[in-house]
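Per the working numbering, residue 5 is the first one in the sequence shown, and the count goes up by one each step.
C-beta: ideal position from N, C-alpha, C; glycine also.
Report on the following structure.
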Amino acid sequence: MSSYNVVKSLKDEGLLRSIKLVDVSNDLGVITELGLLSVPAISKDGKILGIDPLELDFVKALLTGDEVTIEKYVPKSYSEALDRFSVSLIHSSYASILALIHNSIDPLLNTRFIDHAVRLELVSSLSKDKLIEEIKLRSRDIFESLRDKMVRVAAKNYLREVVWVLGIDIEVLTLKKFIDRDLITQWLLAKTSVGRALVPYNFDIVKDVATHVVNVLTNRLSKYLKDLIEEYRTLMREFVHRELK
């Protein structure tokens, strides 16, 4: 819903015509060229200025050139940068699952996810090399502190895709058949791999993550399902009927 919320807010503010919406659902070129691992994202002149979560005031400030407001949403210290990295990590299902199945945030360290999460294009006081060193020093602590949240992110995204494929009228008993460790293990691998790239050596770790996802879904199925059905209906109402223009 993050992309929808940003677009809907800009529409309500009368700012939607100030931007160009880019559909990345079928454009691998844009993704690879920009090194984009998370949406929504905002870019200018081919450079990503920020990714999810995108605060409306931040986006509006970028559109209007309000430097004072932009500064409020840009980290000014390595501590603030680490916080923003962590927030963007748990807002990205791809990054979260990638970290989980590798039992580490290390696969993200050589990507532009860090630049995008921390908004380095707008930061003049921080060094990316120094920032990566700071993340490396704290990588285990960051991972452990976010593990449970990332598992919940993985669980809800798995359920979302099952519901979208099978339909919102799916019976709970049928849905429960998909809360299966082996199915979720396969989904986790498929979700993050690019061909054979990024497939972890230790499948036991992936199975362990899948077990945690099963536990979350077993305990939160009713709540998640209610949320996802409402989300589905909202998106269908807005986009199928072309209310966003």
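- Taking C-beta atoms under 8 Å as the contact rule, Ile-46 and Val-63 qualify, at a distance of about 6 Å.
- Secondary structure note for Leu-53: it is in no alpha helix (DSSP H), and the uninterrupted beta strand (DSSP E) holding it is 51-55.
- Between the alpha carbons of Tyr-77 and Asp-16 lies a distance of about 22 Å.
- DSSP, reduced to helix, strand and coil, places Val-198 within a strand of the structure shown.
- If you look at Ser-47, you'll find it in the beta strand (DSSP E) that goes 45-48.
- If one requires a minimum length of 4 residues, the alpha helix (DSSP H) runs lying completely within the region 83-124 are 97-105 and 117-122, in chain order.
- Taking 4 residues as the minimum length, the alpha helix (DSSP H) runs contained wholly in the region 155-223 are 176-180 and 185-196, in order along the chain.
- It is roughly 12 Å from the alpha-carbon of Thr-178 to the alpha-carbon of Leu-163.
- Linking Met-154 to Asn-219 through their CA atoms gives a straight-line distance of about 13 Å.
- In the DSSP annotation of this structure, Ile-23 is not part of any alpha helix (DSSP H), being labelled neither H nor E.
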